[in-house]
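Novice: Please find one structure pasted underneath; my questions will follow.
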Amino acid sequence: MKTKGFYRRNLPHIKTFSGAYFVTFRVKGDLFLPARARSITLRHCLFENQMRIDLFAVVIMPNHVHMIFESLEDDDGEPYALAVIMKGIKGTSARNINRFLGRAGTLWMPESFDRILRRGEFEKKLNYIRANPVDAGLCSRPEEYKWLWENAQARVPALHRSSLDNQR
2 MKTKGFYRRN LPHIKTFSGA YFVTFRVKGD LFLPARARSI TLRHCLFENQ MRIDLFAVVI
62 MPNHVHMIFE SLEDDDGEPY ALAVIMKGIK GTSARNINRF LGRAGTLWMP ESFDRILRRG
122 EFEKKLNYIR ANPVDAGLCS RPEEYKWLWE NAQARVPALH RSSLDNQR
């Protein structure tokens, strides 16, 4: 595993890391994302897939997003920084959602919750993402939820492969 320090806002964040992340980010205040805004957000998460990240799963809920991904390497062979990845997703989706909603200002909370997944956590977080819309009463089965995406063909990091071998 490669790591290159930390940066801090209100919460500490890892700058550069090679491994799987579980990231959650929320809308600011009491905003709720209507269906089209969730589609816009999903589109921007998927846009980053294979550009800066290897996306394993994402769910866009009415007021937050959960993602599991691994950072890809830039032209210098270094993993893209988490701040760069999140700015790409949150910044462009916020602009497009604000345009759609006819509003201005901050859409997403400036902080994201990010966690490096340790051995044995990948499957647990993947199941959490799958269950989130069901638990929230938005659908009865994960596959019914339009804003849940999972890449069954993704290369799962070696640290987490053994726990998923029986599922795939």
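Numbering (our numbering), first residue to last: 2 to 169. Just so it is clear, CB atoms sit at the ideal spot from N, CA and C, and this is done for glycine as well.
Where F23 and S94 are concerned, what is the direct C-alpha to C-alpha distance, given to the nearest angstrom?
Specialist: The sequence position of residue 23 within the sequence shown is 22, counting from 1. The sequence position of residue 94 within the sequence shown is 93, counting from 1. Rounded to whole angstroms, F23 to S94 spans 19 Å at the Cα level.
Novice: In chain order, what residues of the same chain have a beta carbon less than 8 Å from the beta carbon of A132, not counting five sequence neighbours either side?
Specialist: Translated into positions along the sequence shown, residue 132 becomes position 131. If we look at A132 and ignore the five residues flanking it on each side, its Cβ neighbours are P143.
Novice: Helix or strand or just coil, what does DSSP make of Y146?
Specialist: Here residue 146 corresponds to residue number 145 of the sequence shown, with the count starting at 1. For Y146, the secondary structure class from DSSP, reduced to helix, strand or coil, is coil.
Novice: Spatial neighbours of N99 within its chain, please: C-beta separation below 8 Å, excluding the five flanking residues on both sides.
Specialist: For the purposes of this step, residue 99 is taken as the residue at position 98 of the sequence shown. A105, G106 and L108, listed in sequence order.
Novice: I'd like the list of long-range same chain contacts for S164, defined as Cβ closer than 7 Å, with 5 residues on each side in sequence excluded.
Specialist: For this step, residue 164 is matched to residue 163 along the sequence shown. Caution applies to S164, whose pLDDT of 49 falls short of 50 and renders its modelled position unreliable; the value that the coordinates give is listed next. Cβ neighbours of S164 beyond the five flanking positions: G121, F123 and E124.
Novice: With H, G and I counted as helix, E and B as strand and the rest as coil, what does DSSP make of N152?
Specialist: Locating residue 152 in the sequence shown gives position 151, where the first residue counts as 1. If DSSP states are grouped into helix, strand and coil, N152 belongs with coil.
Novice: Within 10 angstroms of its Cβ, does S141 collect 16 or more other Cβ (buried), or is it exposed?
Specialist: As a working mapping, residue 141 is identified with position 140 in the sequence shown. Burial call: exposed.
Novice: To the nearest angstrom, report how far apart D115 and I69 are at their CA atoms.
Specialist: In the sequence shown, the residue the question calls residue 115 occupies position 114. In the sequence shown, the residue the question calls residue 69 occupies position 68. Spanning the two alpha carbons is a distance of roughly 10 Å.
Novice: Assuming E124 is part of the alpha helix (DSSP H), what are its boundary residues?
Specialist: Counted from its first residue, the sequence shown places residue 124 at position 123. Per DSSP, E124 belongs to the alpha helix (DSSP H) from E122 to D136.
Novice: Return the first residue and the last residue of the alpha helix (DSSP H) that A38 is part of.
Specialist: As a position in the sequence shown, residue 38 is number 37, starting the count at 1. From DSSP, the alpha helix (DSSP H) with A38 extends over A36 to E49.
Novice: I'd like the span of the beta strand (DSSP E) that includes A21, first residue to last.
Specialist: Stepping through the sequence shown from its first residue, residue 21 is reached at position 20. Residues A21 to V28.
Novice: For the alpha helix (DSSP H) that contains R100, what are its first and last residues?
Specialist: Position 99 of the sequence shown, counted from the start, is the residue given in the question as residue 100. Run containing R100: L83 to L102, per the alpha helix (DSSP H) assignment.
Novice: Do you know whose CA, among A36, F101 and A58, lies nearest Y129's CA?
Specialist: Against the sequence shown, residue 129 aligns to sequence position 128. Closest by alpha carbon: A58.
Novice: Is it the case that the Cβ atoms of M62 and A153 are separated by a distance below 8 Å?
Specialist: Position 61 of the sequence shown holds residue 62. Position 152 of the sequence shown holds residue 153. For M62 and A153, no; Cβs fall outside 8 Å.
Novice: R116 lies in the beta strand (DSSP E); which residues open and close that run?
Specialist: Along the sequence shown, read from residue 1 onward, the residue named residue 116 stands at position 115. R116: member of the beta strand (DSSP E) spanning W109 to I117, first to last residue.
Novice: Which residue's Cα is closest to the Cα of P134: R39, M87, E71 and N97?
Specialist: One-based indexing of the sequence shown puts residue 134 at position 133. Minimum Cα distance to P134 is reached at R39.
Novice: Taking 7 Å as the limit between beta carbons, can you name the residues of its chain near K91, skipping five residues before and five after?
Specialist: For this step, residue 91 is matched to residue 90 along the sequence shown. Excluding residues within five positions, the ones whose Cβ falls inside 7 Å are F26 and W109.
Novice: Is it buried or exposed for K3, if we count other Cβ within 10 angstroms and need 16 for buried?
Specialist: Your numbering for residue 3 matches position 2 in the sequence shown. Low per-residue confidence applies at K3: pLDDT is 47, beneath 50, and the placement is therefore not dependable, though the value from the model is reported in the following sentence. In this structure K3 is exposed. Its beta-carbon is surrounded by fewer than 16 other beta-carbon atoms within 10 angstroms.
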